[in-house]
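Protein sequence lines, in the order shown, are assigned to chains A, B and C. All residue numbers in the first sequence are consecutive under my numbering, ending with 609. All residue numbers in the second sequence are consecutive under my numbering, ending with 1337. All residue numbers in the third sequence are consecutive under my numbering, ending with 555. Every residue, glycine too, gets a C-beta built ideally from N, C-alpha and C. The structure appears below as structure tokens.
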Amino acid sequence: MRKAIRRLLLSFLVITMALCTGGCWNRKEVNTIMIVLGVGIDRLSDNRVEVTVQLYNSTTSGPGGNSGNQGEGSGGGKIQSSTGQTMVISASGTTTYDAVNHLQRKLSRTLFWGHSKTIIFGEQAAKKGIKMDMDFFLRFSQTRERTRVLVGKGTARSYLEARPLVEATSALGIMVLVEQQYGIDRNLKDLAEGLLGESHAVALPLLHFEGGVNGREDIKSLQGCALIHNGFMKSTLDTEKTRGMLWAENHSRWIKMPVSVGEGEFVNLQPLRSTAGFEPSIEKGVWKLEVEIRAELVVLQNASALTLDDPHVIKRVERDANKLIIRDVEKTMSDLQELNVDALQVAQMFHRKYPKEFNKVQKQWDKVFPTIKITAKAECRIARTGMYTNT
Amino acid sequence: MNRGTLSTVQLMVMMYFTIVTTAILVVPANTAAAAGTDMWFSPLWALPSGLLSFYAAYRTHCYFPGLTPVQYFPKIMGKFMGKLVGIPYLLILFFMCSLVAREYSEFITGPFLDQTPILVVTGTVMAVCAYAIYKGPVVLGRMSLLFIFPFVGLLLLAVILLYPVMEPRNALPMLEFGIMPSIRASYVAQGWLAEFAFVSNFLPMLPTNSKPLKPMVGSILMVIITLIVVNTLSLFLFSVLNKELNFPFLVALRFISYANFFEHLEAAGMVIWVSTLIVKLSVFYYIVVTNVSDWFGMKDYRPLIVPLGGIVLVTSIFMVPNQETLARVLATAVPFLFLVFFLAVPTLVWWFVALRSRLSSKKAAPS
Amino acid sequence: MEPNPQDIPIDPKLSVTLPKLKVLFADSSDVVIHPFRVDRSLDGLLVYVENLSDMERLERGVLQPLRGLTREEVLTEGFLEANLPIGKVQAVTKQKEAVMSILSGNPVLFVDGLPYALTLGLASWNQRSIEQSSGENVVRGSQESFVETLATNLSILRRRLRTPNLKTPTVTTGLLAETSLAIAYLQHTATPELVDEVMRRLQAIRFDSLLESGMVEELIQDNPYSPFPQLLSTERPDVVTAHLLEGRVAIFTEGTPFVLIAPGNFFSFMQSPEDYDNAWKGTVSRLIRYLFLIIALLMPAAYVAIVTFHQEMIPTSLLLTIANTREQIPFPVLVEALLMEIMFEALREAGLRLPKQVGSAVSIVGALVIGQAAISAGLVSPPMVMVVAITGIASFMVPHYAMSIPLRMLRFPIMIISGILGLVGFVLAFAVVIIHMLSLTSFGLPYFSLQRTAELEDTLLRTRLNRVQNRTFLSGRLEKHQSMFEKNRSSNNAGKKENGR
């Protein structure tokens, strides 16, 4: 027994020693990694891919840490410091990974992608195709399917470099913008599903700069969406034209609804919640899609002479609101059909209901989609008129 | 040597883990490739396979109570033939045990410890399993009972936390190409459920008056339900992406995000999965060791633990060159082997034994 | 062959006995050998140990009455036993018995011509009074605890269990100096197999002298190499009573207030007597205790694994905070954790051993060393201090001290392996601990098993009292699994043979 114990202890010792000397293979101490908060992908004029990352800079806060990280990089990119706790650096390469590799070589610490919140594609990058980039982010085990994906007007890099207005870092700020449902919400999984699904199309939220406070152009906002088809950005829709998509995806909370009730008179409504229903049908060879939006609204401002304690008046406002929604949805749908980008996955809807019919046309979906008759229906209910009835 | 006793509940949970631990890794991706949107109910077609392989093992056991397969083969076919038949049986067991070890190391070195040598990854878990079976199969039974709670908790947690992002409409269209794709897709699940024949190694350990039939059928149903839950979860989350993913359930856990705080739970899920894998690998390891010791007619299986473990370890490293080959083998050859060795062979053995005993009783009756 | 010294009978001639005793007790200043004479012609001898016997009663109850007796009366068999005004008088015929009686405080009376000696039950010595338990405190419930005297302890127990079914046979053991052990059990409640097994193991002990119940525990447990305690040791009479009612056996050792309860079970180490005084609310404190048991064992390891391998699991804002605090720390997380945990263990050990007067000094220095100063010196990060502090508190939440020792001990290997293989190592190391615990038995009873759901009601949970009461808890559950013990005993005996010579 005693011998057995001695043998056990000895083997434990040997194993531990072997493990320790062999190295702790996957160990990465927190102070040997650089936490990537956001990624930007741009295409340079010579068609090289430029990857920009926003990194958390933990050295600045500690005593003796310095924030001067300026200098010229060797891999064909620039290193530039940003304000506060983050720094933004970029590098270019022939492919995404090539650029990431160059980026990594500039740093003494390993990049850690597990907390990357956003992936921003620059306009040029989106136009020249994002499928290859997507492949890298999906294949790489550190990046997450939950990472928000956006397209930025201009270069992706500028958004990461921009100073955040409220949140600690701009990458985080952009993620919060998306979470607030100001626009559509797409993550890496949605992107892959869209591009690999029946329609091969997807819409991504579009980032803009807005004239900022004190003349600084640092305020980013979500305005509209970018339409990606087969991996290439085909076009963009502005905020107004995206509204239909928001209704269709139940992201209606911040849609503005000024119901016009007369010359210059408005009742401002806010959607509390909404649900969208889609009813595809094929009648005598005619493909139809009916979109039905049900919404619950509250009155936020009554800038009109109407008295809202009258049920008839409420009915009338509701009717007008319905029209507004129908207009929004139909506008978006017709735009999508015009551009022939099935970003709302109409193909999937038909596939689910009419698998046989759909499978016949699956190959020529691009020809079928623009011919579908899309109609919208809306049914609003004004739930509350606010704390005061008349003021 | 008395190997201890197991209760029927322990055996039920132990067999559940023996099937389900690797099945939840392998089955969803493979089913998705063949069945598409019908993947969620496809595991149901594996039910007959599980029931039959268990029932055959059980009935044969009734003719030879207290004996393991390698011990009753000689009684059926004569000493020499019995031992001879035992050899391929032992080899397939070796192969399976190495396969489980390899699946583990692929799973760990893929998304988690990619720089750690495979020898260390497999070696450590084999050492833990060796310790477990050194302590006896009773410990395995108790361990299963203990680990069932975190495992079921993990499944429930995943379902609850992922509920908001699940898209039930992904299950449409149903039966797009008829019922055949879902049946064909259940091939892998059928192979896995055939492993229920392993129960013949543990039936002798039950108390003599126990009735394992109902609990074991319960165990088979539990496996099917778990696979359906996991498949449904993957389908509702990833629809078309499923067939592209190596480990859909793992990615599902990655996808959890609750209040921006409970995020990226795949490592926690991995912890629970590894604990159940220890049960599974130990069961396979134990079966290999005891069958070899029974084949040689040894009294105690313990001296074999370390040498056989070493062989399994080495085989697991060299059996396939890479992850792609492993995935291909798991989707094609392995279920076939399982179905042959753990469904067809036990059923034939059962029929043979039943026929022989009926004949001999008829012969005995007139005289 | 020399006759066994235990069996040498007492010589009736005092002239033989007296020199023997004088030799035996030479240089023993506390042993009084007092010759006297009865009826002018009959020699008597009274031997006792000073201060171990009640001197006054010896005077009044033995010496005075003896003076008034005649020679014939004294030499009549049975006369003295019946007539001395003392409660307990016993005749012994063996020398060994007489000597043991003297040493345990009972004076022995030899009379010339009688082939036996009389032991007088006058043992009485200064003993610690029954005080409050120092190790196991409760807010509500009995406050008394056992003392160092075996007889007193048995009396405390008897007072609580007034039933003739309470049996307390004694065993004496010890090669150089003897120690009295007593076991206590409730007849018809404890299974006879268990009682026999306990008796068998106690009688099998071959050891120089047993100083504390911990030594007894080590010598009779199933698996002496396990870090986990396999017998419950307690100084609370109510705990012993409760366990006896469950059908367990208590082992009392002379000279220590700590009583062993066999068989031990993992869950009984996690019970506090107070759980039973708080109705079902005891469940809450129990669950918290189990939670912190796990924290005490695993938290530093989990922290090391997650912070060095799985940073993605940490919420982003928390990770950024940790990144800030760790920036200037010179050590890897594993080394940092080991350092801090070892420091904490050192402080705890120092706090236990040090004289009361300097206690505050250590706690002040300790708090500074592993707290504020270490952080401001940039040696450790604040989250690490938090982890160590929480782990420390958690390890004190285990109601039975013996159970917190393996927790603190096993923390280190789990931490090291987690530092090498991350959460994979973490779960593997934890699995080894679990496998070990699941394979443990105590007197054949599985240490860690919830084979029946009914047991849940008084282990993890504590449901209604009428459901918890479960007298047949142990019956039919004992496995014949004593191989470890048998092996241990044979090697023990072999060792003794060499020493004993």
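query, result
"When DSSP labels each residue in this structure, what does A/Pro476 get in the three-state scheme?", "strand"
"List the residues of chain C whose Cβ lies closer than 7 angstroms to the Cβ of B/Glu1073, in chain order.", "Ordered by position in chain C, no residue passes the 7 angstroms Cβ test against B/Glu1073, which lies about 14 angstroms from the chain."
"Which partner residues of C/Pro500 appear in the DSSP bridge assignment?", "C/Thr495"
"By how many angstroms is the C-alpha of A/Thr457 removed from the C-alpha of A/Asp546?", "11 angstroms"
"Indicate whether B/Pro1058 and B/Leu1197 have their beta-carbon atoms separated by less than 8 angstroms.", "no"
"Hey, could you find the ends of the beta strand (DSSP E) A/Trp505 is sitting in?", "504 to 521"
"Going by beta carbon distance, what residues of the same chain come within less than 6 angstroms of B/Ile994, once the five residues before and after it are set aside?", "Val1200, Phe1219"
"Note down, in chain order, all residues in the region 357 to 379 of chain C with a beta-carbon under 7 angstroms from any beta-carbon belonging to chain B.", "His364, Glu366, Met367, Pro369"
"Does the separation of the CB atoms of A/Gln360 and A/Gly332 fall below 8 angstroms?", "yes"
"Could you check whether B/Val1210 and A/Leu414 sit closer than 8 angstroms to each other, using their CB atoms as the reference points?", "yes"
"According to DSSP, is C/Glu185 helix, strand or coil?", "coil"
"Using the rule of at least 16 other Cβ atoms within 10 Å of the residue's Cβ for burial, across every protein chain shown, is C/Thr295 buried or exposed?", "buried"
"Per DSSP, A/Lys595 forms a beta bridge with which residues?", "A/Glu510"
"Can you confirm whether A/Gly286, when its beta carbon is compared against all beta carbons of chain C, has any partner nearer than 8 angstroms?", "Any reading at A/Gly286 must be qualified, since the residue scores a pLDDT of 36, below 50, and its modelled position is unreliable; the value itself is stated next. It does not; no Cβ of chain C falls within 8 angstroms."
"Alpha carbon to alpha carbon, how far is A/Leu425 from A/Arg364? Give it in angstroms, no decimals.", "18 angstroms"
"State the start and end residues of the unbroken beta strand (DSSP E) segment that holds C/Asp97.", "96 to 103"
"What is the DSSP secondary structure of B/Ser1263, reduced to helix, strand or coil?", "helix"
"What do you get for B/Phe1288, buried or exposed, if any count of 16 or more other CB atoms within 10 angstroms of its CB means buried?", "exposed"
"Nearest chain C C-beta to A/Val232 closer than 8 angstroms, yes or no?", "no"
"Does any C-beta atom of chain A lie closer than 8 angstroms to the C-beta of B/Arg1139?", "yes"
"Using the DSSP secondary-structure output, state which residues sit across from B/Gly1148 in a beta bridge.", "B/Glu1146"
"Would DSSP call C/Thr307 helix, strand or coil?", "strand"
"May I ask you to list, following chain order, the residues of the region 568 to 594 of chain A that have a beta carbon less than 9 angstroms from some beta carbon of chain B?", "His569, Arg570, Lys571, Tyr572, Pro573, Lys574, Phe576, Asn577"
"Which word fits A/Phe587, buried or exposed, when buried means at least 16 other C-beta atoms lie within 10 angstroms of its C-beta?", "buried"
"Which whole-angstrom value describes the C-beta separation of A/Lys452 and A/Leu329, a residue pair presumed to lie in contact below a C-beta threshold of 8 angstroms?", "The pair is not a contact, with the Cβ atoms about 32 angstroms apart (cut-off 8 angstroms)."
"When burial is assigned at 16 or more other CB atoms within 10 Å of the CB, is C/Trp179 buried or exposed?", "exposed"
"Of all Cβ atoms in chain B, is any one closer than 8 angstroms to the Cβ of C/Val478?", "yes"
"Can you check the region 271 to 348 of chain C for any beta strand (DSSP E) of at least 3 residues that lies completely inside it and give the ranges in chain order?", "286 to 288, 303 to 307, 313 to 316"
"Any beta-carbon of chain A closer than 8 angstroms to the one on B/Ser1152?", "no"
"Is the number of C-beta pairs between the region 143 to 160 of chain C and the region 117 to 127 of chain C that are closer than 8 angstroms three or more?", "no"
"Skipping 5 residues on each side, what residues in its chain have a beta carbon closer than 7 angstroms to that of B/Leu976?", "Pro1107, Val1108, Gly1111, Phe1172, Met1175, Leu1176"
"Got a sec, what are the start and stop residues for the beta strand (DSSP E) A/Lys571 sits in?", "Looking at the DSSP string, A/Lys571 is not in any beta strand (DSSP E); the run it does join, the alpha helix (DSSP H), is 564 to 571."
"Say whether chain B places a C-beta atom closer than 8 angstroms to the C-beta of A/Asp349.", "It should be pointed out that residue 349 of chain A corresponds to Lys in this sequence rather than to Asp. No, A/Lys349 does not count as interfacial toward chain B."
"Does the beta-carbon distance from C/Val423 to C/Glu390 come in below 8 angstroms?", "no"
"Should A/Trp243 be flagged as near chain B, meaning a C-beta pair shorter than 8 angstroms?", "yes"
"Starting from the Cα of C/Pro218, find the closest Cα among C/Asp276, C/Leu240, C/Ser69 and give me that residue.", "C/Leu240"
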